[in-house]
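As you go down the protein sequences, you meet chains A and B in turn. Residues in the first sequence are numbered from 0 upward in steps of one, following numbering that gives the first Met the number 0. Residues in the second sequence are numbered from 0 upward in steps of one, following numbering that gives the first Met the number 0. Glycine included, each C-beta is placed from N, C-alpha and C at the ideal position. All of these numbers come straight from a predicted model, not from anything done at the bench. Written below as structure tokens is the structure these notes are about.
Protein chains: 2
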Amino acid sequence: MNNVQEESLRDQKKYRRRLQILEIARGIISAKGLRSLKVRDVAEAAGCSVGSVYNEFGDFDGVILTVNRETVQALTARLRGVPAEDPVRQLYGLAETYLDFFAGHANLLRSLFEHRMEDDRPYPDDILQMVMDAFALMHPPLVRLLPDADDVKIALLSRTLFSAMHGIISLGLEERMVAVPPQMLRQQIEQFVDTQLRGLGILPVGARLS
Amino acid sequence: MNNVQEESLRDQKKYRRRLQILEIARGIISAKGLRSLKVRDVAEAAGCSVGSVYNEFGDFDGVILTVNRETVQALTARLRGVPAEDPVRQLYGLAETYLDFFAGHANLLRSLFEHRMEDDRPYPDDILQMVMDAFALMHPPLVRLLPDADDVKIALLSRTLFSAMHGIISLGLEERMVAVPPQMLRQQIEQFVDTQLRGLGILPVGARLS
DNA sequence: CTCTAAAATGAACAATGTTCAAGAAGAATC
DNA sequence: GATTCTTCTTGAACATTGTTCATTTTAGAG
């Protein structure tokens, strides 16, 4: 047994195929929704048998969960890229970035938030943790803006605020629900953050509804 | 052809069976989630063949959608029962009632909001409309509290606020996501409405975070 | 009672997730 | 390089579940 990674031919092929399967699955989910994802379609597109998909991911949920894992990773990366100089601008930036990311990858986000496991198997902890971490990204700017507040309460506030934004955006982008007309969504989100910041005493309460 | 409802024996049986199928389907969704709903289970529990389910509802989506339709009707009835004397109390009441209803029927609400149609068939318009109407129930109290604001903007605000609440509650109640710990949820919702009302200038901006 | 139309039935079919015995391919040993 | 061993790949077979439809049953009409 060699400790050094040998990059054996076998491992290379395996890894390449793994990536290929994920790319194909992501493409299908993104284009046609999670419900249109079929093992045989993925296998055929990847040029391998269905057995290989199972060999690599255990079961079909394994493919979905891996795509979801990468989705939340990509989301987190985008959110971490929001400038942090001005905490107020950072909050607006996080909201806007979440909206953009959601709008650009709606079906992937829905797969992340709506996929249910068969029976009562638990959702993988690491994915839950990553979502939690993403939703905690409002914590630092809020701490700067509310220096006297309890840290635990700020943590809750961050998740509450993020969950609220998630609700506005996920329902707003769903043409079938039309909770908020899409064109207006960006403006609505901005106004929502506005109101929230005024309510928290971070911004002055000015004229009601511009 | 007789215009008067004859309540023929045939129609009675048909109707009774219809109700029975719906009750059973709702029970399964409520107890074990939409993904555990199976035609054969429903048919067996209702003491009829699978064909009869199809005869009555067209396809399996028909059963699900009918349950969803009744869910949003029940929700709307509950929300309409919130006292309307004091508009501020009404807003808190709507939030609290939505939380209670969601907590009591989490799987039914998830079925309503997360069910995707096969292929690209559209979601029935009447259900969408009913959800929209439910989300508009904050409109009247908001109009009373913001008499100078544009009516269209209040309409948007109502849906935005409701969508935000929906996000906080649906993620908060999801033990798998734990965006907000369940025990804290009621308090979090109240505080959220609080902040929102202060931000809108409806309540005075007092001490930051009680 | 007989006839007709509607409904119920459930076996057969179709789509799709899952398994596994057999074979193929790479790695290890000589 | 041949042989052996390990691992991966394959795809047919199976399991589950939604859907159809020819046949039978049943309620209502004459």
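Contact under 8 Å by Cβ, residue i with residue j
i, j, result
"histidine 114/B", "serine 29/B", "no"
"isoleucine 23/B", "valine 41/B", "yes"
"valine 38/A", "phenylalanine 56/A", "no"
"leucine 144/A", "proline 86/A", "yes"
"isoleucine 126/A", "arginine 68/A", "yes"
"leucine 33/A", "arginine 109/A", "yes"
"arginine 167/A", "glycine 166/B", "First, the amino acid is wrong: residue 167/A is isoleucine here, not arginine. Result yes, Cβ atoms of isoleucine 167/A and glycine 166/B sit closer than 8 Å."
"leucine 136/A", "threonine 65/A", "no"
"tyrosine 97/B", "methionine 164/B", "yes"
"phenylalanine 112/A", "phenylalanine 134/A", "no"
"tyrosine 122/B", "glutamate 189/B", "no"
"arginine 25/A", "leucine 107/A", "yes"
"isoleucine 27/B", "leucine 36/B", "yes"
"histidine 138/B", "alanine 154/B", "yes"
"threonine 194/B", "phenylalanine 191/A", "no"
Residue burial classification, residue i (beta-carbon count within 10 angstroms, cutoff 16)
i, result
"isoleucine 187/A", "Correcting the residue type first, residue 187/A is glutamine in the shown sequence and not isoleucine. The residue is buried, with at least 16 neighbouring Cβ atoms inside 10 Å."
"proline 140/B", "buried"
"serine 48/B", "exposed"
"alanine 94/B", "buried"
"glycine 171/B", "buried"
"serine 209/A", "Only weak support is given to the placement of serine 209/A: the predicted model assigns it a pLDDT of 45, under 50, and the value that follows is read from those uncertain coordinates. Under this definition serine 209/A is an exposed residue."
"alanine 76/A", "exposed"
"alanine 73/A", "exposed"
"asparagine 54/A", "exposed"
"arginine 9/A", "exposed"
"arginine 120/A", "exposed"
"phenylalanine 100/A", "buried"
"serine 169/A", "buried"
"glutamine 11/A", "exposed"
"valine 151/A", "exposed"
"glutamate 89/B", "The amino acid at residue 89/B is misidentified as glutamate; the sequence shows glutamine. Burial call: buried."
"methionine 0/B", "Bear in mind that a pLDDT of 39 at methionine 0/B, under 50, signals an unreliable position, so the number given afterwards is only what the model happens to contain. Methionine 0/B should be labelled exposed."
Closer than 7 Å: residue i CB and nearest the ligand HEM heavy atom
i, result
"alanine 148/A", "You won't find the ligand HEM in this model; it holds no ligand whatsoever."
Distance between beta carbons of residue j and residue i, contact taken as under 8 Å
i, j, result
"valine 71/A", "valine 130/A", "6 Å"
"arginine 16/B", "alanine 45/B", "7 Å"
Chain-ordered residues of the segment 138-160 of chain A with a beta carbon less than 9 Å from chain B: Leu145, Asp147, Ala148, Asp149, Lys152, Ile153, Leu155, Leu156, Arg158, Thr159, Leu160
If the cut-off is 9 Å on Cβ atoms, which residues from the segment 21-46 of chain B count as contacting chain A, listed in chain order? Lys31, Gly32, Leu33, Arg34, Ser35
Could you name each continuous alpha helix (DSSP H) segment of 4 residues or more that falls completely within the segment 94-125 of chain A, going from the start of the chain to the end? 105-113
Write down every uninterrupted run of the beta strand (DSSP E) in the segment 139-203 of chain A whose length is 3 residues or greater and which is fully enclosed by it, in chain order. none
Where the segment 192-206 of chain A meets chain B: residues whose CB sits under 8 Å from a CB there: Asp193, Thr194, Gln195, Leu196, Arg197, Gly198, Leu199, Gly200, Val204
Which residues, in chain order, does the segment 51-67 of chain B contribute to contact with chain A at a C-beta distance below 7 Å? none
Segments assigned alpha helix (DSSP H), at least 4 residues, entirely inside the segment 34-59 of chain B: 38-45, 49-56
Any residues in the segment 97-116 of chain B with a beta carbon nearer than 7 Å to a beta carbon of chain A? Which ones, in chain order? Glu113, Arg115
Could you name the residues of the segment 81-94 of chain B whose beta carbon sits closer than 7 Å to any beta carbon of chain A, in the order they occur along the chain? none
Could you run through the segment 121-135 of chain A and flag, in chain order, every residue whose CB is less than 8 Å away from some CB of chain B? Pro121, Tyr122, Leu127, Val130, Met131, Phe134
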